[in-house]
Amino acid sequence: MDKNIWLLLRVRFISQQRLNIFKVAGHKKEKSKRLIYLICLAIIALMASFYSGAIAYGLGYLNMTQLIPLYAFLIASLLSFFFTIFKANGELFGFFDYDTLMSLPIKTTTIIASRFMYLYIWNTLLSLLIMLPAGVIYAVFSNPNRLFYCFWIIAMFTVTLIPTTIATIIGAVITAIASRTKHASLISTVLMIVLLISILAASLFAGGFNQSFDINQLNDLSRIFINESFKIYPIAELYHNGIVEEKWLQFISFIAISIVWYLLFVKVLSFKYKSLNTRISSTYNKSNYEVNRLNSGNVLTALYSKELKRFLSSTIYVTNMVVGLVMSVIMSVAVVIVGSERLAIMVGLPELVVFLPKLTPFILAAMIGMSNTSSVSLSLEGKNLWILKSLPLRLRDIYLSKILVNLTLTVPVALISGSLFIIGIKATLYQGLMMLVIPLIFAIFSATWGLFMNYQFANYDWESETQVVKQSMSAVIGMLGSLLIAVILGSVSVFLNDSGYAIYTTSILLLLLGASHIMFKLLLKKRL
């Protein structure tokens, strides 16, 4: 392989993960922050591996061992596809140092390959977290021959090639469509959101919700799942037959198709790569611009408008922050259409229906916490931070504008989703009130929490928005921290009776409001 690919890949990895900071003397605070970030990633990785192994053990315990390899394959493929499709625009297209790279004496195919390999490596690490524990559990239950271990190791490093490539192709198509318009970023954002809604809705409603299964039908369910998986993703059949049934020719075919598919993708994309990036990075200005009417407003309104436009102008920013909100709306619509019992079966947790009235406020809060724009809004100021510092602005207005943008997204969704859940599960008066109030108060807490974390772990020296939105310490703690807090609070609620639940939820509301007030006051005491 071209050595330039590895050189570009190495530079990309070091710059994106800011590893050079450990080689520089001093900067103890920055080193500590980066070390905490890496520790958090390690903890998340361990949790993902444990979860994967637990599901695989459950399948083995239910005598559905033959499903374990296919389950691991599909989960790894789906996660690779999902993460790549929202990183393609910004990683392969319209990236920060495009002009610099294209000016170097390096072939276009080399640049594409290095960028793709960066995505592939991260997806492969994700694949290892899912497939390694699942493979161990499968080996314990099925006691396969030595050929299985060889096939499984190879599969862990090739399973993400096809989904990563397909996701990148979809990203390229969306980029190509958007690049033909004057508002390329807006069109790209809209198309990505439509695609996101389609994926989430399809995954929720797929398989038909008119069916329910009991423990005696597990063999039939296993067979149906395998057959449906083969129809949706045909390459899975070659993988499954190679791993489970030890048909080595089919496994070799799976490997060959994956590699050839990747090589064809790089070659074909290289023909249109420059034109696609040129179009998406182009800007359009009116030649007949005239000053007609200028509107004036207060400082907070102006800052809010600026922050909202900044949010809507970035496809990566929008698509990563609306995932939780889209999930919330889709789930609330589903509970109205199919009922709470069917919804619980659809998500694979039929026993959830008993606790749904008490859990719903916290489920909505968790999804709202996943959409935390304020956790990265300070960092996204980047090298333009000096402008805010030099203007005669109050810190209160700057912080409030970023919190208000977050609430602009979360409050309407909290009200809509809460109202639909009230109708869908026929909640009592107090339960319905909590389905509206708790998500609203948690939205305030989540926005303030995200801003507080972003201040503590701000990164203004970034090269691409992806680095801030998806890979920064503040994004991880801001969004996953909010999610974890909501999950913990919801877990306690299921053990309480009605009177205890009323006292508990009232206390939680006061605690969230108090914590939000304290964090905001602490922010005002610090210099930007």
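Taking this note's numbering, I'd label the letters of the sequence shown as residues 275 to 802.
Note that the Cβ used here is the ideal one computed from N, Cα and C, for glycine as well.
Query, Result
"C-alpha distance - residue 284 paired with residue 309, whole-angstrom precision", "20 Å"
"Inter-residue Cα distance where the pair is residue 434 and residue 350", "7 Å"
"Host alpha helix (DSSP H) of residue 736 (start-end)", "Looking at the DSSP string, residue 736 is not in any alpha helix (DSSP H), and its letter there is neither H nor E."
"Between the CA atoms of residue 468 and residue 295 - distance to the nearest angstrom", "39 Å"
"Three-state secondary structure assigned by DSSP to residue 367", "strand"
"Integer Cβ distance of residue 400 from residue 430, believed to fall under 8 Å", "Not a contact, Cβ separation roughly 11 Å."
"Candidates 344, 470, 538 and 506: closest to residue 590 by CA position", "470"
"Helix, strand or coil at residue 439 according to DSSP, with G and I counted as helix", "helix"
"Buried or exposed by the 16-neighbour rule on C-beta atoms within 10 Å, applied to residue 391", "buried"
"Simplified DSSP assignment, three categories, for residue 283", "helix"
"For residue 567, three-class secondary structure by DSSP", "coil"
"Secondary structure of residue 732, DSSP reduced to three states", "coil"
"Best match in 419, 278, 444 and 605 for proximity to residue 543 [C-alpha to C-alpha]", "444"
"Stretch-stretch touch, CB-based, cutoff 8 Å, three pairs: the segment 686-700 with the segment 649-668", "no"
"Simplified DSSP state of residue 769, which is helix, strand or coil", "coil"
"Where residue 668 falls, given that 16 or more other Cβ within 10 Å makes a residue buried", "exposed"
"Three-pair Cβ contact test at 8 Å for the segment 722-734 versus the segment 701-708", "no"
"Residue 724 beta carbon less than 8 Å from that of residue 658", "no"
"Short Cβ contact (8 Å threshold) for residue 461 with residue 451", "yes"
"Backbone secondary structure at residue 434 - three-state DSSP", "coil"
"Between the CA atoms of residue 634 and residue 241 - distance to the nearest angstrom", "Outside the shown range of the chain (275 to 802) lies residue 241, about which nothing can therefore be said."
"N-terminal and C-terminal residue of the alpha helix (DSSP H) that residue 671 is part of", "669-699"
"Counted within 10 angstroms of its Cβ, other Cβ atoms place residue 653 as buried (16 or more) or exposed", "buried"
"CA-to-CA distance, residue 716 to residue 728, given in whole angstroms", "18 Å"
"For residue 394 and residue 532, the rounded distance between their alpha carbons", "12 Å"
"Residue 585: first and last residue of the uninterrupted alpha helix (DSSP H) it sits in", "573-586"
"Proximity winner among 316, 345, 701 and 714, relative to residue 328 (alpha-carbon distances)", "345"
"Whole-angstrom distance between residue 712 and residue 375, CA atom to CA atom", "49 Å"
"Nearest-angstrom Cα separation, counted from residue 498 out to residue 489", "Because the pLDDT of residue 489 is 48, which lies under 50, any placement of that residue in the model is unreliable, and the question is left without a value."
"Where residue 486 falls: helix, strand or coil (DSSP)", "Below a pLDDT of 50, predicted positions are generally treated as unreliable, and residue 486, at 48, falls in that range; no measurement from the model is reported."
"Alpha-carbon spacing of residue 279 relative to residue 378, whole angstroms", "13 Å"
"For residue 640 and residue 760, believed in contact at Cβ under 8 Å, the rounded distance", "4 Å"
"With 16 other Cβ atoms within 10 Å as the buried cut-off, status of residue 788", "exposed"
"Span separating the alpha-carbon of residue 770 from that of residue 581", "42 Å"
"At least 3 beta-carbon pairs within less than 8 Å: the segment 673-687 vs the segment 735-755", "no"
"With 16 other Cβ atoms within 10 Å as the buried cut-off, status of residue 536", "buried"
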